[in-house]
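Residue numbers (my numbering), protein chains in the order written: chain A, 2 to 120; chain B, 2 to 114.
Ideal Cβ placement from N, Cα and C applies to all residues, glycine included.
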Amino acid sequence: EAQVTQNPRYLITVTGKKLTVTCSQNMNHEYMSWYRQDPGLGLRQIYYSMNVEVTDKGDVPEGYKVSRKEKRNFPLILESPSPNQTSLYFCASSLSQGALAGAVTGELFFGEGSRLTVL
Amino acid sequence: AQSVTQLGSHVSVSEGALVLLRCNYSSSVPPYLFWYVQYPNQGLQLLLKYTTGATLVKGINGFEAEFKKSETSFHLTKPSAHMSDAAEYFCAVSYFGNEKLTFGTGTRLTIIP
């Protein structure tokens, strides 16, 4: 089954304790991205990756790190979480578009979300 | 910077009535436009998209949207609402040469029996 898998789905942690949210996709997609969803703000892009070893900042990258060592995995790292990072996080993936690479024109496939609470 | 504006954070319609969810984008270059739906406790899934070609786009579950360049709009419609349409809907935009997909703030659709 084609899917994007995130773990953990729920996490409560404390300020400053490093954590990693894993994301894995089995569709051989080049493009992967992390979003956070907050009430009234919609989804905001944190980081994205067009392919292995290629990552770039989205609109709200502060306090987050990512890596893309393998095509299927795109972990989100919070080195020193703070309460303002309490949110619902989504990982997503998509095919690049060949000659149209350089734009997101294909369907994004989303994971089920990871709800993070930082105390 | 690319952006989309969704008018109305909450919309309520009666079952069987027309659904109209509004989305306007800001751009000086041709956009790629999307509508996604999020059911409770789930991730988002694509309803429909406009990239090139026909400006009236049909999606899943009876939804459609029309790209109107003169109005910079991409409103989502469905002729007859069903209880199962209750969800949150997001409009999104991207552009060639910009690898981001930017979402609006969402519209929560409630269906009244």
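For residue 26/A, not one C-beta of chain B is nearer than 9 Å to its own C-beta.
Taken through DSSP and simplified to helix, strand or coil, residue 63/B comes out as helix. Closest in alpha carbon position to residue 96/B, among 13/B, 24/B, 51/B and 60/B, is 51/B. The shortest CA-to-CA distance from residue 24/B to any of 114/B, 94/B and 111/B is the one to 94/B. Bounds of the beta strand (DSSP E) holding residue 11/B are 11-15. Within 7 Å of the CB of residue 12/A, no CB atom of chain B is found; the nearest one sits about 16 Å away.
Chain A places no beta carbon closer than 9 Å to that of residue 8/B, leaving this residue out of the contacts. In the assembly as shown, residue 13/A is an exposed residue. Its beta-carbon has fewer than 16 other beta-carbons within 10 Å. No Cβ of chain A is located within less than 9 Å of the beta carbon of residue 22/B. Looking at the backbone, the Cα of residue 32/A and that of residue 18/A are separated by about 29 Å. Between the segment 19-26 of chain A and the segment 61-76 of chain A, the count of C-beta pairs closer than 8 Å reaches three or more; the two stretches touch. Below 8 Å, enough C-beta pairs join the segment 79-92 of chain B and the segment 49-69 of chain B to call them touching: three or more.
Proximity of residue 70/B to chain A, defined by a Cβ-Cβ separation below 9 Å, is not satisfied. Under the Cβ distance rule, residue 86/A does not count among the residues neighbouring chain B, no pair being separated by less than 9 Å.
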